[in-house]
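Below you'll find the structure, written out as structure tokens, and then a few comments.
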Amino acid sequence: MKLHALALSVVSVLVASQVQANPKVYGQFNISAESYQKDNQDPASADEDFTRLQSNASRFGVRGENELSTNLAVVYGIEWSIDSSGDGTGGNADLQQRNRFVGIKHNNLGTVKAGRFDTYLKTAQGKTDLFNDFLGDIEFTIAGEDRANNAVAYESPSFKKFQFNILSQTQDVATKATNGSSASIVYDNQELGLYAALGVNDNIVGRSALFGNTREGDGYRLVLSYNFADLTVNGIYTTNEKYDGKDGEKAYLLGAAYKIDDFVLKAQYSTVEADDVNKIAAGNSIEKTVFNVGADYNLTSKTRAFVWYTNREDVKKDAVIVVPNDIEETSLALGVEHKF
267 MKLHALALSV
277 VSVLVASQVQ
287 ANPKVYGQFN
297 ISAESYQKDN
307 QDPASADEDF
317 TRLQSNASRF
327 GVRGENELST
337 NLAVVYGIEW
347 SIDSSGDGTG
357 GNADLQQRNR
367 FVGIKHNNLG
377 TVKAGRFDTY
387 LKTAQGKTDL
397 FNDFLGDIEF
407 TIAGEDRANN
417 AVAYESPSFK
427 KFQFNILSQT
437 QDVATKATNG
447 SSASIVYDNQ
457 ELGLYAALGV
467 NDNIVGRSAL
477 FGNTREGDGY
487 RLVLSYNFAD
497 LTVNGIYTTN
507 EKYDGKDGEK
517 AYLLGAAYKI
527 DDFVLKAQYS
537 TVEADDVNKI
547 AAGNSIEKTV
557 FNVGADYNLT
567 SKTRAFVWYT
577 NREDVKKDAV
587 IVVPNDIEET
597 SLALGVEHKF
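Note that this note's numbering has the sequence shown beginning at 267, numbered continuously upward.
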């Protein structure tokens with residue numbers, strides 16, 4: 267009996283080690299059929315009206331964790347976007363880079379990793395963007411939805427529901443940008459239904475919501491989400507400006523989701539405006555807004571059907587003698603998402 271028990275123990279250890287060593291393949295297909303309209307006030311710009319099949323940040327990746335000792339493990343991950351609609355349009359070319367990293371994790375001290383991955387100002391949003399990856403994604407109005415190249419980061423373990431993260435971006439050879447940093451402090455108390463976070467970027471290469479370019483910028487993001495019963499309410503306030511203090515913008519978001527059995531009803535509004543309209547060149551945006559309403563139906567824990575309507579407005583600055591050039595986009599979509 268003792269030999270039998272010993273043999274079972276050895277087999278159990280070997281099986282557990284093998285399972286731990288195997289990487290996990292994961293991903294999601296998210297695809298929608300959309301009716302899309304774009305209206306330009308400038309008569310020189312043609313309006314658009316068509317239907318399309320859209321891939322919404324469909325992706326797959328590999329991640330894993332291999333034990334080095336009792337408290338130490340190697341962690342890694344690599345992820346690509348894929349075009350599930352098949353036509354390669356709309357920025358959905360197959361196998362574009364997403365997050366990728368390798369690092370060392372200590373059970374009590376946290377994780378150090380290096381590679382290309384989301385800044386901590388971006389991840390501070392948590393799950394507050396109810397229309398993430400769709401036309402109404404917060405990146406239309408809120409700056410800082412960026413991944414940092416050549417990044418080294420530290421992520422603390424959770425302590426009394428708090429976690430601290432910091433990232434250093436070494437010089438980017440492609441852009442010749444100088445070093446930057448990103449940090450966040452997160453409070454996630456699921457028992458209370460409360461999520462709060464503060465994210466900060468200092469001289470990080472990223473996108474502006476209004477000025478339409480990639481630049482070295484500084485930003486702050488304050489996030490608050492509260493869930494009680496079946497209702498969740500979300501809020502975000504953020505600022506962004508160039509490293510030299512120019513071209514500043516401020517944005518905020520309000521959203522709510524209500525769960526009824528397997529249905530989730532949701533609505534979200536966000537807006538951004540320039541700090542100083544007088545310093546914006548003609549033809550550039552001075553204000554953007556986006557309004558979304560939608561509903562999800564959870565078929566299983568990994569599959570959902572969804573419908574949403576989005577309205578986006580882009581207000582541009584006129585030159586001395588010009589015709590109006592504001593832009594309004596609307597879209598009605600029906601789709602499905604499956605995670606694996």
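Glycine is no exception: its CB is placed at the ideal position from the N, C-alpha and C atoms. Values in this document were obtained by computation on a predicted structure and should not be read as measured data.
**Prompt:** Looking only at DSSP bridge pairs, what is S447 linked to?
**Reply:** Assignment of beta-bridge partners to S447 by DSSP yields S434 and D468.
**Request:** Please name the residue in T407, V489 and G459 whose C-alpha comes closest to that of V452.
**Result:** V489
**Request:** Apply the 10 Å Cβ neighbour rule to L375 and answer buried if 16 or more other Cβ atoms are within range, or exposed otherwise.
**Result:** exposed
**Asked** So is the beta-carbon of T576 under 7 Å away from any non-hydrogen atom of the ligand ADP?
**Response** Questions concerning the ligand ADP fall outside what the structure shown contains, since it holds no ligand whatsoever.
**Asked** What does DSSP give as the partner residues of Y518 in its beta bridges?
**Response** Y503 and T537
**Message:** Tell me the rounded alpha-carbon separation between L272 and T336.
**Reply:** With a pLDDT of 44 at L272, under the threshold of 50, the modelled position of that residue is not reliable, and no figure is offered here.
**Exposure label - G459; buried when at least 16 CB within 10 Å** = exposed
**Same chain, Cβ closer than 6 Å to I526, five either side skipped, listed in chain order** = Sequence-distant partners of I526 (beyond 5 residues in either direction) whose C-beta falls short of 6 Å from its own C-beta are missing from its chain.
**Check whether I344 and S321 have beta carbons under 8 Å apart** = no
**Message:** Across the segment 542-551 and the segment 565-578, are there enough close Cβ pairs to call them in contact, namely three or more that are closer than 8 Å?
**Reply:** Touching, no.
**Item:** Nearest to L520 (by Cα), restricted to the options T504, K388 and G465
**Value:** T504
**Request:** Using only alpha-carbon positions, find the residue among V466, R364, V602 and K290 that is nearest to D562.
**Result:** V602
**Item:** CB of E515 within 8 Å of CB of A540, strictly
**Value:** yes
**Asked** Would V368 be called buried (16 or more neighbouring beta carbons within 10 Å of its own) or exposed?
**Response** exposed
**Message:** Considering only their Cβ atoms, is the gap separating T480 from E421 smaller than 8 Å?
**Reply:** No, they are not a contact pair.
**Message:** Among the candidates L334, Q456, S424 and V559, whose CA atom is the shortest distance from the CA of S450?
**Reply:** S424
**Request:** Give the DSSP-derived three-state secondary structure of K371 in the structure shown.
**Result:** strand
**Request:** Look at the alpha carbon of V581 and the alpha carbon of D510, and state the distance between them as a whole number of angstroms.
**Result:** 25 Å
**Asked** According to the Cβ coordinates, are R325 and W346 closer than 8 Å?
**Response** yes
**Request:** Give me the Cβ distance between A523 and L396, rounded to the nearest whole Å; I'm assuming they're in contact under 8 Å.
**Result:** 6 Å
**Asked** Among residues of its own chain, excluding the 5 on either side of A419, which ones have a beta-carbon nearer than 6 Å to its beta-carbon?
**Response** K379 and L433
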